[in-house]
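Visitor:
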Amino acid sequence: MRTLVLATLALLLSGCLRSEEEFVLKADGSGTLRQAYSVDLKARLELAQMAAVLYGGSLDPKDLPFANPVAPEWLEALAERTPGYRIQKAKQTETKAKRTTVVEAAFDDLEAAADAGAFFTSAVTLEAQGEDAWKLTLRDAWKDASGRTPRDLGGQNVKALLKTFEAQLGGLVFERTITVPTQVIATNGDLDDLGTKVTWKVDYVRLLEGNDLVLTITFRNTDDLDLKPFRHEPRMKALMVRCLEAPPGAVSASTTPTGEEAPADATPGDDAPVTPSEPEPAAPAPAEEAG
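Taking the working numbering, the leading residue of the sequence shown gets 1, the next gets one more, and so forth.
1) Under 9 angstroms, do Phe107 and Ser30 count as touching if we go by C-beta distance?
2) Pro247 and Trp74 look like a contact to me (Cβ under 8 angstroms); what is the Cβ gap, rounded to whole Å?
3) Taking just the CA atoms, how far does Leu213 sit from Asp132?
4) Any heavy atom of the ligand SAM inside 8 angstroms of the beta-carbon of Asp40?
5) Would you mind reading off the limits of the alpha helix (DSSP H) that contains Leu78?
6) Can you name, in chain order, every residue of its own chain whose Cβ lies under 6 angstroms from the Cβ of Ala36, other than the five neighbours on each side?
7) Let me know if Val70 comes out buried or exposed under the rule of 16 or more other beta-carbons within 10 Å of its beta-carbon.
8) Give me whichever residues DSSP pairs with Glu104 in a beta bridge.
9) How about Glu111 and Phe230: are their beta carbons less than 9 angstroms apart?
10) Can you list, in chain order, the residues of its chain whose CB lies under 7 angstroms from that of Phe219, leaving out five sequence neighbours each side?
11) Would you check if the distance between the CB atom of Thr100 and the CB atom of Val39 is smaller than 9 angstroms?
12) For Asp109, collect the residues of the same chain with a Cβ closer than 7 angstroms to its Cβ; drop the 5 residues on either side in sequence, then sort them by chain order.
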């Protein structure tokens, strides 16, 4: 229980402070991306210590989880295992207050980017809308098909967790921009004046309300488009390993809750375990909201 709760919190905090993503899709299906993740280290420490109080465990900082799923080592390992996806830059800088990771990459098609984990916790679908249009849908993994808040991230209600840790997660801002090669017909994001670039922005308040966690963009089909439909689901167990373990080749000052070293291949497609071989007794979780 405690391990999965910490993994859930690590997922929430991985974008804490600011997450900015920019995708550019070309007519032949290839494209580029730039992602920047900033983590408030003080908020992260406070959150992990509060989780230790609520769910049991050590309050010593050296015993708290590594919690850096976007470390360059992870991103490079993912790229090496994904044909058609190439990292051009992956750099991490850290001060006493903030850790920032920036990655730039190129992909042969959008599915390759998804397979390399570029959409993080989002499920991604690209499908033809008859002969006239294409529709790209990104559904956050914390929302089920009916749009309700699920309870399958470590058995925890994400909305209840957000409220419990409001002081640490209140500064969360998530921004994603996608540029498509033809005119946008419909979207639930903000469309630019040229009609090809869409931006979605979600902060803590909007996340708590459940708004804009399903992002959609429909754009015109033309003779020069060479796209292929696909459907991608995030591999949550592998992602949780990245939240809890030091990345391959990195040295962490902390001891992870699992008591095991991170598998070097905890990348998409792996079903790596994240629970201890002898699970700790479950402690009561924060009260869940009805609905």
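Cβ coordinates follow ideal geometry from the N, Cα and C atoms, glycine included.
Guide: Result, derived from the coordinates:
1) Yes; because the gap between Cβ atoms is below 9 angstroms, this pair is in contact.
2) So it is a contact: roughly 4 angstroms between Cβ atoms.
3) Straight-line measurement puts the Cα of Leu213 at about 26 angstroms from the Cα of Asp132.
4) For the structure depicted, the ligand SAM is absent and the ligand set is empty, with no information on it obtainable.
5) For Leu78, the enclosing alpha helix (DSSP H) begins and ends at 72-80.
6) Result list for Ala36: Glu20, Val102, in chain order.
7) Residue burial annotation: Val70 is buried, with at least 16 other C-beta atoms found within 10 angstroms of its C-beta.
8) Glu104 pairs with Arg34, Lys89.
9) In contact: Glu111 and Phe230 (Cβ atoms closer than 9 angstroms).
10) Cβ neighbours of Phe219 beyond the five flanking positions: Ala133, Trp134, Val180, Thr182, Gln183, Val184, Ile185.
11) Yes, the Cβ-Cβ distance between Thr100 and Val39 is below 9 angstroms.
12) Beyond the five residues adjoining it in sequence on each side, Asp109 comes within less than 7 angstroms, by CB distance, of Gly29, Ser30, Gly84, Lys228 in the same chain, given in chain order.
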